[in-house]
Each structure stands twice: as C-alpha cells, then as structure tokens.
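Reading through the structure tokens given below for one structure.
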C-alpha cells in the first residue's frame, strides 16, 4: 500500500526537494503533488525537475473546499506535509485529514511560534532571546498557528557569537537530516493502524 503525499510550499523548497528525493525509491510513500500559494515559489521548479506534478492555488482557492477537495482527490492524496507553507490551513482540510497534516517549524516550540514567526523572523527571535540552543519541531497541524501536537523535536547548541545566518544554517541542517525520517515514521504508523 502506497501513501500518497502532497507537499504544500511557499518558498525555495529545499525541504520539498529533500522529501521528494528521500521517497523516490520508496514502495510505501510517494510524493504525488506539490501545491504552492505562490506561482514564483522556486519549490515548483524543483518539483517539476524531479517529475512531480505541481499546482498553484492562491488564497481564494485554498479556503474553498470546492477547489481543494477535488484537487487532492484527483491525485489520491492521503497525507499533507507543510514544508515552508505560510498560509494557515483552513479548518475543513484539517477535518478532512485528521492527524494527517504535519508541519515543520524552525525552532523548538512552544518558543518562537505563532503568527508571523517563520523563516528569518524565527532565527532573529532566537538570537534576540539569547537562546543557547535552537532546533526543529515537527507537529500535527491544528487550527491554532504552530499549536498542534508535537511529534518530534531535534536541537542543536548555539554559541553566543553565532549570527542569525549561523543559527539558520544550524537549524537547516537538522531539517535536511531529520524531516524526511519523521514524516516517514508518521506515515508508516498510519499505515500500520489501517
């Protein structure tokens, strides 16, 4: 049984590409669709180069079940991964995919989460707080921004002289290393429960 994943993206897509490559030879998980709210997201180019279908869905489409539900059904999507996707996921999608939508956040939640806390904003907040560590949090998506149940966290030590870019680089390394494995574990757990 193959679980078909849709990756939702808004930006450059390094996590998206990493996930596609990770699952390329899997007989259990397949990245079947990449959805972006921005037509200029480089993630779309990355996905197309790797042969994964892409769709651009703006805010009006995202909040409309008559747009999203048929799209996800067309590709047989079982599971959704947010990989740098900035809009809030509408409640109807959370209800349609209970415990089957996960997000990665570039900090150790509950620290540095919530509205407006994404990308460099998070790393700047980590630096401003003088945190001695940062990391990644993978969590289930709920109707509360960055508020869903935490699945996994991985931390990395910071030095007082680390710049915001240094913090970002250390955190990004954790994303590349752990995110696909965590997604795989959650998906396989779901398969085993069926």
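In this note's numbering, the protein residues as written are 2 to 195. Cβ atoms here follow ideal geometry from the backbone N, Cα and C, with glycine treated the same way. Bear in mind that the values here come from a model prediction, so they are computed numbers and not experimental data.
Item: In the DSSP assignment, the alpha helix (DSSP H) including residue 68 goes from what residue to what residue?; Value: 66-75
Item: Just to confirm my understanding: we take residue 57, look at its own chain, exclude 5 residues before and 5 after, and list those with CB closer than 6 angstroms. What are they?; Value: 37 and 40
Item: Any idea if residue 164 is buried or exposed, counting beta-carbon neighbours within 10 angstroms, 16 or more meaning buried?; Value: exposed
Item: Under three-state DSSP, which class holds residue 11?; Value: coil
Item: May I have the straight-line CA-CA distance separating residue 176 from residue 106, to the nearest angstrom?; Value: 9 angstroms
Item: Along the chain, where does the alpha helix (DSSP H) containing residue 121 start, and where does it finish?; Value: 121-130
Item: With DSSP as the reference, identify every bridge partner of residue 29, one or two as the case may be.; Value: The partner list for residue 29 (beta bridge, DSSP) is empty, contrary to what the question assumes.
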